[in-house]
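**Q** Just dropping this structure here.
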Amino acid sequence: MSAEEKLKELGIVLPELPKPLGSYVPSVRTGMLVFISGQLPLKDGKLIKQGKLGAEVSVEEGALLARAAAINGLAVLRAQAGSLDNVTRCVKVTGFIASAPGFTDQPKVLNGASDLMKEVFGDKGLHARAAVGANELPMDTPVEIEFIFEIKREIGREVEGS
Amino acid sequence: MSAEEKLKELGIVLPELPKPLGSYVPSVRTGMLVFISGQLPLKDGKLIKQGKLGAEVSVEEGALLARAAAINGLAVLRAQAGSLDNVTRCVKVTGFIASAPGFTDQPKVLNGASDLMKEVFGDKGLHARAAVGANELPMDTPVEIEFIFEIKREIGREVEGS
Amino acid sequence: MSAEEKLKELGIVLPELPKPLGSYVPSVRTGMLVFISGQLPLKDGKLIKQGKLGAEVSVEEGALLARAAAINGLAVLRAQAGSLDNVTRCVKVTGFIASAPGFTDQPKVLNGASDLMKEVFGDKGLHARAAVGANELPMDTPVEIEFIFEIKREIGREVEGS
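Chains as they are written, first to last, in our numbering: chain A, 1 to 162; chain B, 1 to 162; chain C, 1 to 162.
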């Protein structure tokens with residue numbers, strides 16, 4: 001089953017592209033790599049929830065927010081790659097988790113994003129990863145997640161030197 | 001207008017390379033990509049200002065410090081690429097912003113670096129980005145910013161396998 | 001002297017691969033680049049020490065823990081590249097250092113990892129770098145370090161499109 005088919009089966013509809021908060025773009029291609037800007041759990045332009053893990057946000061909620069941020073990342077990725085079926089690998093996921101003092105379960109939170117990659121892309125979704133804590137994040141988001149994907153050579157070639 | 005010409009028009013003189021604080025180098029090329037080490041707002045080897053956003057440092061000051069760190073990044077980039085005119089894209093900017101409790105305007109601070117990329121490189125300066133908070137940074141710097149650039153294929157080729 | 005010979009001379013035996021804490025893999029190759037997941041100072045599956053720099057962990061201990069995390073990173077790298085002798089460059093090291101309030105010596109801690117790269121790979125071990133603080137890290141680890149390496153073209157080619 002292709003990634004786009006899998007997405008449909010999961011009942012996931014990719015949202016409109018969230019607007020960047022600063023003077024940058026949602027993603028950049030270089031060769032076969034696509035760098036995705038830090039994604040927040042925005043829905044209709046608003047954070048689904050604010051606060052920190054270990055305080056206002058539970059691990060279970062955090063994982064769902066990580067999944068929501070990852071869905072936004074897939075929307076950005078599709079806009080760049082044309083179709084998720086042009087993706088050959090999820091290379092790297094870096095998750096910054098807003099953490100109250102003493103919260104050390106960042107990996108469990110980031111699993112919400114990692115699991116989605118596996119569900120959508122299968123073995124191509126298995127990625128290198130880092131989960132780290134942050135004392136504060138933009139707009140008081142509980143999670144911010146960035147991604148690097150590899151896409152098909154011919155798709156990458158089109159934009160070389162762009 | 002070329003990037004080097006634009007820099008001149010902006011009245012920006014790139015400084016001497018800031019010395020790395022540890023056992024590493026300012027930048028590494030791999031293929032067409034240049035990875036720039038985390039840059040601080042150093043001037044003549046000293047931090048322009050110390051402290052945290054939301055406490056000792058205002059958003060406006062922070063944005064100027066981010067711009068200063070980005071200027072140091074361009075100095076490193078020129079040393080690696082020979083000339084800024086060999087740059088084909090600013091691929092990724094990651095900004096770590098020292099944040100006092102409750103400070104959530106990291107994107108506005110990082111705009112100081114992002115805007116400079118756009119001013120110098122035009123559309124080639126539009127980058128993917130992540131702005132995150134940190135409770136502490138080296139030397140009590142308010143901002144630390146790292147960069148990935150893409151340079152011309154023939155420049156990249158010279159160093160392949162280096 | 002090759003990197004594998006150098007490792008032997010240093011008396012370093014690379015450990016069994018530490019198990020990832022989430023739904024991801026220890027490393028991913030894309031072209032000539034290898035992305036290594038965030039590494040912790042685990043020994044036999046347990047953190048050598050927990051706590052924060054500037055509180056429970058001294059700079060000297062922190063540097064040793066960074067070295068231990070880097071050794072785990074080399075184990076992951078060897079598993080991916082077949083041999084450390086297939087490595088053409090250590091491209092980037094990013095170190096997250098768990099920091100108590102007021103701790104600003106993150107670079108000295110990360111030197112424990114940077115110095116090892118230089119010892120093992122010589123000039124090929126010189127890398128771009130960022131050292132940043134974090135208020136909390138997974139499992140209360142004092143350090144988490146991620147790496148990007150460049151490997152020989154023919155090794156990279158084998159897995160292109162994987």
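All C-beta atoms, glycine included, are put in the ideal place defined by N, C-alpha and C.
1) List the residues that DSSP assigns as beta-bridge partners of residue 89 (chain B).
2) Between residue 86 (chain A) and chain C, is the shortest Cβ-Cβ distance under 8 Å, so that the two count as touching?
3) What does the alpha-carbon distance come out to for the pair residue 153 (chain A) and residue 122 (chain A)?
4) Under three-state DSSP, which class holds residue 37 (chain A)?
5) Could you tell me which residues DSSP pairs with residue 144 (chain C) in its beta bridges?
6) Are the stretch 35–55 of chain B and the stretch 28–40 of chain C in contact at 8 Å, needing three or more beta carbon pairs?
7) Under 7 Å Cβ to Cβ from residue 83 (chain A), same chain only, skipping five residues before and after it: list those, please.
8) Taking residue 60 (chain A) as the reference, which of A:144, A:80, A:31 and A:105 has the closest Cα?
9) Label residue 34 (chain A) either buried or exposed according to how many other C-beta atoms from any shown protein chain fall within 10 Å of its C-beta, with 16 as the threshold for buried.
10) Less than 8 Å between the CB atoms is what I'm expecting for residue 99 (chain C) and residue 52 (chain C), so what's the real figure, rounded?
11) How big is the Cα-Cα spacing for residue 66 (chain C) and residue 117 (chain C)?
12) Would you list the one or two residues that DSSP bridges to residue 53 (chain B)?
13) Taking the alpha carbon of residue 135 (chain A) as the reference point, which residue from A:96, A:10, A:108 and A:120 has its own alpha carbon closest?
14) Assign residue 112 (chain A) to one of three DSSP states: helix, strand, or coil.
15) Could you give the distance in angstroms between the alpha-carbon of residue 63 (chain B) and the alpha-carbon of residue 148 (chain B)?
16) Considering only their Cβ atoms, is the gap separating residue 91 (chain B) from residue 141 (chain A) smaller than 8 Å?
17) Taking only the alpha-carbon atoms, compute the straight-line gap between residue 201 (chain A) and residue 13 (chain B) and give it to the nearest angstrom.
18) Going along chain B, which residues have a C-beta under 7 Å from residue 103 (chain A)?
19) Spatial neighbours of residue 161 (chain A) within its chain, please: CB distance less than 7 Å, with the 5 preceding and 5 following residues excluded, ordered by chain position.
20) What is the DSSP secondary structure of residue 159 (chain C), counted as helix, strand or coil?
21) Are residue 111 (chain B) and residue 27 (chain A) closer than 8 Å when you measure CB to CB?
22) Taking the straight line between their C-alpha atoms, what separation do you get for residue 10 (chain A) and residue 49 (chain C)?
23) Please list, in chain order, all residues of the same chain as residue 17 (chain A) whose beta carbon is under 7 Å from its beta carbon, the five residues on each side excluded.
24) So, does the CB of residue 60 (chain A) fall closer than 8 Å to a CB anywhere in chain C?
25) Just to confirm the assignment, what range does the beta strand (DSSP E) spanning residue 83 (chain C) have?
26) I need the DSSP call for residue 77 (chain B), collapsed to helix, strand or coil.
27) Give me whichever residues DSSP pairs with residue 42 (chain B) in a beta bridge.
28) Could you give the residue range of the alpha helix (DSSP H) that holds residue 6 (chain B)?
29) What does residue 31 (chain B) touch in chain C if you count any residue whose Cβ is under 7 Å from its own?
30) Compare the C-alpha of residue 125 (chain A) against each of A:81, A:32, A:88 and A:54 and name the closest.
31) Go ahead and label residue 32 (chain B) buried or exposed: buried means 16 or more other beta carbons lie within 10 angstroms of its beta carbon, across all protein chains shown.
32) Considering only the alpha carbon of each residue, which of B:94, B:81 and B:86 lies closest to residue 128 (chain B)?
33) CA-CA distance, residue 15 (chain B) and residue 71 (chain B)?
34) Are the C-beta of residue 150 (chain A) and some C-beta of chain C separated by less than 8 Å?
35) If you drop the 5 nearest sequence neighbours on each side, which residues of the same chain put their C-beta closer than 8 Å to that of residue 119 (chain C)?
36) Listing by chain order, which chain B residues have their CB less than 7 Å from the CB of residue 134 (chain A)?
**A** Reading off the structure:
1) Assignment of beta-bridge partners to residue 89 (chain B) by DSSP yields B:150.
2) Not an interface residue.
3) Cα-Cα distance, rounded: 20 Å.
4) The three-state reading of DSSP puts residue 37 (chain A) in strand, counting E and B together.
5) According to DSSP, residue 144 (chain C) bridges with C:96.
6) Counting Cβ pairs under 8 Å, fewer than three are found: no touch.
7) Cβ neighbours of residue 83 (chain A) beyond the five flanking positions: 4.
8) The residue with the shortest Cα to Cα distance from residue 60 (chain A) is A:105.
9) Burial call: buried.
10) Sure, about 6 Å apart at Cβ, within 8 Å.
11) Whole-angstrom Cα-Cα distance: 11 Å.
12) In DSSP, residue 53 (chain B) forms a bridge with B:57 and B:99.
13) Closest option to residue 135 (chain A), judged by alpha-carbon separation, among A:96, A:10, A:108 and A:120: A:96.
14) Helix, per DSSP.
15) Each residue's alpha carbon lies about 20 Å from the other.
16) Against a cut-off of 8 Å, the Cβ pair of residue 91 (chain B) and residue 141 (chain A) comes out as no contact.
17) Lying before the first or after the last residue shown, residue 201 (chain A) is absent from chain A, which here runs from 1 to 162.
18) Think of a sphere of 7 Å around the beta carbon of residue 103 (chain A): no beta carbon from chain B falls inside it, the nearest being about 13 Å out.
19) Bear in mind that the predicted position of residue 161 (chain A) carries a pLDDT of just 40, short of 50, making it unreliable; the figure below should be weighed with that in mind. Nothing listed; no residue qualifies.
20) Model confidence at residue 159 (chain C) stands at a pLDDT of 44, short of 50, so the residue's coordinates are unreliable; what they give is reported in the following sentence. Of the three classes helix, strand and coil, the one that applies to residue 159 (chain C) here is coil, per DSSP.
21) No, these two residues do not count as a Cβ contact at 8 Å.
22) Spanning the two alpha carbons is a distance of roughly 41 Å.
23) Here the set comprises 26, 75, 76 and 79.
24) So no, residue 60 (chain A) is outside the interface.
25) Here residue 83 (chain C) belongs to no beta strand (DSSP E), and DSSP marks it neither H nor E.
26) DSSP, read as helix, strand or coil, puts residue 77 (chain B) in helix.
27) Answer by DSSP bridge pairing, in chain order: B:47.
28) Unbroken alpha helix (DSSP H) run through residue 6 (chain B): 3–9.
29) Chain C residues near residue 31 (chain B): 32.
30) That would be A:88, whose Cα lies nearest to the Cα of residue 125 (chain A).
31) Under this definition residue 32 (chain B) is a buried residue.
32) Nearest Cα to residue 128 (chain B) within the set B:94, B:81 and B:86: B:94.
33) The straight-line gap from Cα to Cα measures roughly 8 Å.
34) At least one CB atom of chain C sits nearer than 8 Å to the CB of residue 150 (chain A).
35) Once the five neighbours on either side are set aside, the close Cβ partners of residue 119 (chain C) are 6, 10 and 125.
36) Here the neighbours are 132, 133 and 134.
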